[in-house]
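Trainee: One structure coming up, written as structure tokens, with questions to follow.
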Amino acid sequence: MLKNHDRFWGLLFLSPWILGFLLFTAGPMVTSLWFSLTDYNLAKPEQVQFIGLANWGHMLTDPLVGQSLLVTLKFLLWSVPIGLVFPLGLAVLLHSEHLMGKALFRTLFYAPQMIPGVAAALIYTAMFNPQGPINAFLNGIGIGTLDWFSDSRLVMPALTIVGLAGVGNTMILMLSGLQSVPRELYESATIDGANGWISFWRISVPMISPVIFYNLVLSVIGSFQYFTTAYLLYEGQGGPENSALFYMLNLYKEGFVFFNMGYASTLAWGMFVLCMVVTAVLFGTSKRWVYYAGGE
Amino acid sequence: MKTLNAGLLLTLALFSSASAQKKVQIHWYIGLGTGSDAQQQPATRKVVERFNKSQNRIELVPEYVNYNNARDQLATRIAAGNVPDLVGPVGILGAASFQEQWLDLQPLIKKYKVDLSHVNKKVVDFYKSQDPNGIPYAIYPSFLFINKDLFDEAGLPYPPQKYGEKYQSKAWDFAALRNIAMQLTVDKEGMDASMSDFDSKNIVQYGYFPQYTIEPQSLGSMFGAGIFAKGKTAQIPPQWIPAWQWFYDGMWKDHFIPTDAVQKSDAFGKDNVFNSGKLAIGYSHLWYTCCLDTAKDGGKVKNWDLAVVPAYNGKYTAKLNADTFRIMKGSRHKEEAFQVMLYLREQPELLETYGAFPADTRLQPKFLKILQDKYTPLKINWQVAMDSLNYVDIPSHEAGLPNHNKALDAVNAFTLKLMTKSGLNIKQEAETLRKQLQGIFNEKK
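First to last, the sequence lines map onto chains A and B. Taking the UniProt record's numbering, I'd label the letters of the first sequence as residues 1 to 296. Taking the UniProt record's numbering, I'd label the letters of the second sequence as residues 1 to 445.
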């Protein structure tokens with residue numbers, strides 16, 4: 001039981017964070033909720049009017065919101081599975097007892113993570129351009145030159161490949177998960193006649209399922225918030241035929257290009273609600289496939 | 001005695017500070033166009049200091065804002081009710097983002113009897129056509145930049161340098177431009193685009209590209225001035241459809257214009273195609289000299305010059321970009337801001353530091369000499385630029401539209417579509433754009 005005295009000191013030490021949270025997080029959130037009920041335009045603040053739920057109604061019928069959600073979901077379906085399987089594969093490789101120079105490979109695989117997002121986007125633009133190394137390789141094997149960022153059909157695969165540069169963190173987490181699986185489990189399985197593949201599916205994957213789940217939740221939220229690379233590649237536009245008009249890019253344009261801050265606030269809250277629902281669904285399903293050795 | 005002196009000094013200091021406070025402060029927002037780069041600031045500071053020394057009524061306070069953030073910052077300041085008084089220099093397009101925020105200068109121009117007799121009449125008309133109109137300050141006529149070495153290599157005569165002149169005894173029009181641009185487009189085997197065995201997948205040199213001016217309004221205005229809106233009604237000027245078709249066919253059918261992917265590639269200068277040395281004819285404005293490397297800077301275009309734009313149906317249109325200073329409607333000291341504006345537009349070192357071509361004809365020779373010195377030993381025929389001022393586009397291709405920022409976004413998306421997708425029906429696409437623009441115009445309160 002906390003004494004009043006302890007509670008006072010606890011709150012006092014927490015007060016900088018509480019104040020910061022109220023001023024810089026909760027305050028703007030409440031304000032943006034209010035904005036979402038107005039037609040607030042940054043360049044015409046004197047004309048602001050309360051419009052009730054009109055922005056929310058518009059959001060449900062706005063074709064650009066539909067398009068941007070579709071683009072975001074398409075990207076999610078491309079990038080999340082690949083963004084989990086690829087680092088898991090690398091982690092398994094690095095965990096293998098047959099691999100020489102593990103430290104070197106670990107560093108090499110992690111190194112692209114250190115490149116800032118803006119620089120990475122510029123580097124990838126050069127790599128994917130018609131005279132870049134990727135097209136040179138494709139030309140070499142007879143496929144020919146592909147307009148990766150200009151052909152609306154290739155935008156998603158191109159952005160997914162760009163995203164693979166940032167799998168270093170996920171790989172390290174997967175690797176630490178694999179390293180924490182007790183060796184006795186593999187030994188018992190070997191005695192029972194299990195081969196490497198069965199051990200991987202029946203022991204490794206279930207044992208590291210909390211790590212996979214953690215990365216899944218982060219990847220899904222990250223995909224919903226995808227912005228920087230698309231913004232840089234297409235100079236703030238939505239790419240060819242809006243094929244790279246991600247939800248957050250559309251939100252940014254509404255708020256900071258068209259100055260429709262009221263509607264942009266609505267879009268922000270829409271995304272917040274969507275993330276909450278998807279995360280809740282993921283947590284709901286986790287009971288069926290995530291294994292916690294010590295219970296939840 | 002010491003106490004007395006100190007008291008006197010304090011009284012004097014208080015008095016002078018009180019008189020300084022009486023000065024009206026004019027906040028000058030720099031960065032929505034040019035002017036906020038670190039190397040431009042010393043010249044601006046000097047002008048400001050000189051102005052402030054000459055004044056006991058107005059204090060000019062410059063506020064430098066990085067160009068990339070200037071738009072957002074100005075919007076935030078308007079939202080906060082803390083508007084600057086004076087903004088500029090800013091182009092027509094940059095100003096259009098803040099429609100309804102600018103003061104109509106006409107009454108002040110009349111009141112102060114601003115002398116515009118030293119400005120080309122067409123340029124005065126151009127500024128007058130803007131809504132709200134501005135005072136002529138810096139102008140950037142358009143014309144063709146030609147890489148003479150590539151013409152020599154192909155054995156082709158250079159395009160005309162005088163309006164009205166013929167090319168190879170025929171009219172200098174867009175058919176002629178297409179014709180020579182195809183001959184100047186070369187694949188890796190040395191075949192040109194007019195030949196039957198030309199390999200359009202392996203082009204190493206292009207004939208033509210509108211350098212940094214690929215917006216549909218820019219492309220369209222080359223065939224004749226127009227605007228997307230008549231009041232709140234969306235329209236596509238009829239001459240713009242053949243202009244877009246010409247441009248589109250140049251990319252996807254005749255292959256003398258680089259597509260989006262090519263023009264952004266490293267091999268073709270990453271957007272700066274003419275500067276890569278692999279483009280024979282670039283269409284742009286005088287400001288493009290900003291980005292055209294000189295021989296001493298290792299420029300790849302060794303021998304270049306200017307040529308006049310081609311005619312469409314016998315009529316020339318050389319669209320104009322123009323900068324000016326603007327006063328915000330919300331300024332509390334509009335008249336003082338106007339006085340500052342009049343002062344600033346007469347400071348030649350500002351024009352020099354901005355690299356801006358003066359609208360005032362008296363200042364133009366000096367500017368052209370500086371430009372010529374930059375590219376010496378080449379002898380550039382700058383008269384082409386001067387002559388282009390007689391064919392400016394009124395209404396301006398950069399004029400504001402209803403719900404401007406959103407309309408401009410749709411228009412830019414249209415360009416990207418043209419540059420990234422083959423097989424389009426331009427008439428249909430134009431109609432789709434018109435409907436889309438009408439929807440956006442209707443959203444405006």
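Positions of the beta carbon are idealized from the N, C-alpha and C atoms, including for glycine.
Run through DSSP, which three-state label would His118/B get?
Mentor: coil
Trainee: Rounded to a whole number of angstroms, what is the C-alpha to C-alpha distance between Ala96/B and Gly134/B?
Mentor: 12 angstroms
Trainee: If the cut is a Cβ gap below 7 angstroms, which residues of chain A does residue 448/B touch?
Mentor: Nothing can be reported for residue 448/B: it is not among the residues displayed for chain B, which extend from 1 to 445.
Trainee: Do Ala359/B and Val119/B have their beta-carbon atoms positioned less than 7 angstroms apart in this structure?
Mentor: One thing to note: Val119/B has its Cβ within 7 angstroms of the Cβ of Ala359/B.
Trainee: Cβ of Val281/A less than 7 angstroms from any chain B Cβ?
Mentor: no
Trainee: Output, in chain order, the set of chain B residues within a Cβ distance shorter than 9 angstroms of Gly238/A.
Mentor: Asp409, Ala413, Leu416
Trainee: If we cut at 7 angstroms on Cβ distances, does Ala43/A have a partner in chain B?
Mentor: yes
Trainee: Under 8 angstroms, with one C-beta from each stretch per pair, do the segment 269 to 288 of chain B and the segment 144 to 154 of chain B reach the 3-pair mark?
Mentor: yes
Trainee: If the cut-off is 8 angstroms on Cβ atoms, which residues from the segment 114 to 142 of chain A count as contacting chain B, listed in chain order?
Mentor: Thr125, Ala126, Asn129, Pro130, Gln131, Gly132
Trainee: Please report the residue range of the alpha helix (DSSP H) in which Asp199/B lies.
Mentor: Run containing Asp199/B: none; DSSP gives neither H nor E here.
Trainee: Are at least three pairs of beta-carbons, each pair with one atom in the segment 102 to 109 of chain B and one in the segment 401 to 414 of chain B, less than 8 angstroms apart?
Mentor: The answer is no - the segment 401 to 414 of chain B does not touch the segment 102 to 109 of chain B, with fewer than three Cβ pairs under 8 angstroms.
Trainee: Which residue marks the beginning of the beta strand (DSSP E) containing Phe145/B, and which one marks its end?
Mentor: 142 to 147
Trainee: Note down the Cα distance separating Lys417/B from Ala280/A, rounded to an integer number of angstroms.
Mentor: Each residue's alpha carbon lies about 39 angstroms from the other.
Trainee: For Asp192/B, which beta-bridge partners are listed by DSSP?
Mentor: Val186/B
Trainee: Whole angstroms is fine: what's the gap from Trp287/B's alpha carbon to Gln372/B's?
Mentor: 14 angstroms
Trainee: Output yes or no for whether 7 angstroms exceeds the beta carbon distance between Gly163/A and Ser79/A.
Mentor: One thing to note: Gly163/A has its Cβ within 7 angstroms of the Cβ of Ser79/A.
Trainee: Going by DSSP, name the residue or residues bridged to Ala229/B.
Mentor: Ala234/B
Trainee: Please state whether DSSP places Arg153/A in a helix, a strand or coil.
Mentor: Reduced to three states, the DSSP call for Arg153/A is coil.
Trainee: Compile a chain-ordered list of the residues in the segment 55 to 78 of chain B whose CB is closer than 9 angstroms to at least one CB of chain A.
Mentor: Arg71, Asp72, Leu74, Ala75, Thr76, Ile78
Trainee: Comparing alpha-carbon positions, which option in Ile58/B, Arg45/B, Ile78/B, Leu108/B lies nearest Tyr64/B?
Mentor: Nearest option by C-alpha distance: Arg45/B.
Trainee: Using the Cα positions of Ile78/B and Tyr292/A, report the straight-line distance between them to the nearest angstrom.
Mentor: 54 angstroms
Trainee: Listing by chain order, which chain A residues have their CB less than 7 angstroms from the CB of Asp260/B?
Mentor: Ser150
Trainee: Counting contacts by CB-CB distance shorter than 7 angstroms, is Ser259/A in contact with chain B?
Mentor: In the sequence under discussion, the amino acid at residue 259/A is Phe, which differs from the Ser named in the question. At least one chain B Cβ lies under 7 angstroms of Phe259/A.
Trainee: Taking the straight line between their C-alpha atoms, what separation do you get for Thr420/B and Leu146/A?
Mentor: 12 angstroms
Trainee: Could you tell me the alpha carbon to alpha carbon distance between Thr248/A and Met271/A, rounded to whole angstroms?
Mentor: Sequence inspection shows Met at residue 248/A; the Thr mentioned does not correspond to that position. Answer to the nearest angstrom: the Cα atoms are 9 angstroms apart.
Trainee: By the three-class DSSP mapping on this structure, what secondary structure does Pro87/A have?
Mentor: The answer is helix: DSSP assigns Pro87/A an H, G or I state.
Trainee: Here's a check: name, in chain order, each residue in its chain whose Cβ is nearer than 8 angstroms to the Cβ of Leu33/A, leaving out the five neighbours to either side.
Mentor: Closer than 8 angstroms at the Cβ level, and outside the excluded window around Leu33/A, lie Ser265, Trp269.
Trainee: Taking the C-alpha atoms as reference points, what is the distance between Glu431/B and Leu42/A?
Mentor: 31 angstroms
Trainee: Please report the straight-line C-alpha distance between Leu84/A and Thr170/A, rounded to a whole angstrom.
Mentor: 8 angstroms
Trainee: Who are the Cβ neighbours of Ser129/B in its own chain at under 6 angstroms, not counting the five residues just before and after it?
Mentor: Ile394, Pro395
Trainee: Counting only beta-carbon separations shorter than 7 angstroms, does Ser276/B have a partner in chain A?
Mentor: no
Trainee: How would you write the range of the alpha helix (DSSP H) that Asn321/B sits in, first residue to last?
Mentor: Careful: Asn321/B lies outside any alpha helix (DSSP H), inside the beta strand (DSSP E) at 321 to 327.
Trainee: According to DSSP, is His255/B part of a helix, a strand, or is it coil?
Mentor: Reduced to three states, the DSSP call for His255/B is coil.
Trainee: Work out the CA separation of His98/A and Trp201/A for me, nearest whole Å.
Mentor: 20 angstroms
Trainee: Report the residue ranges of all alpha helix (DSSP H) runs contained in full by the segment 270 to 353 of chain B; include only those spanning at least 4 residues, in chain order.
Mentor: 334 to 344
Trainee: 7 angstroms is my cut-off, CB to CB: does Lys406/B come that close to chain C?
Mentor: Absent from the structure is chain C; the protein chains it does hold are A and B.
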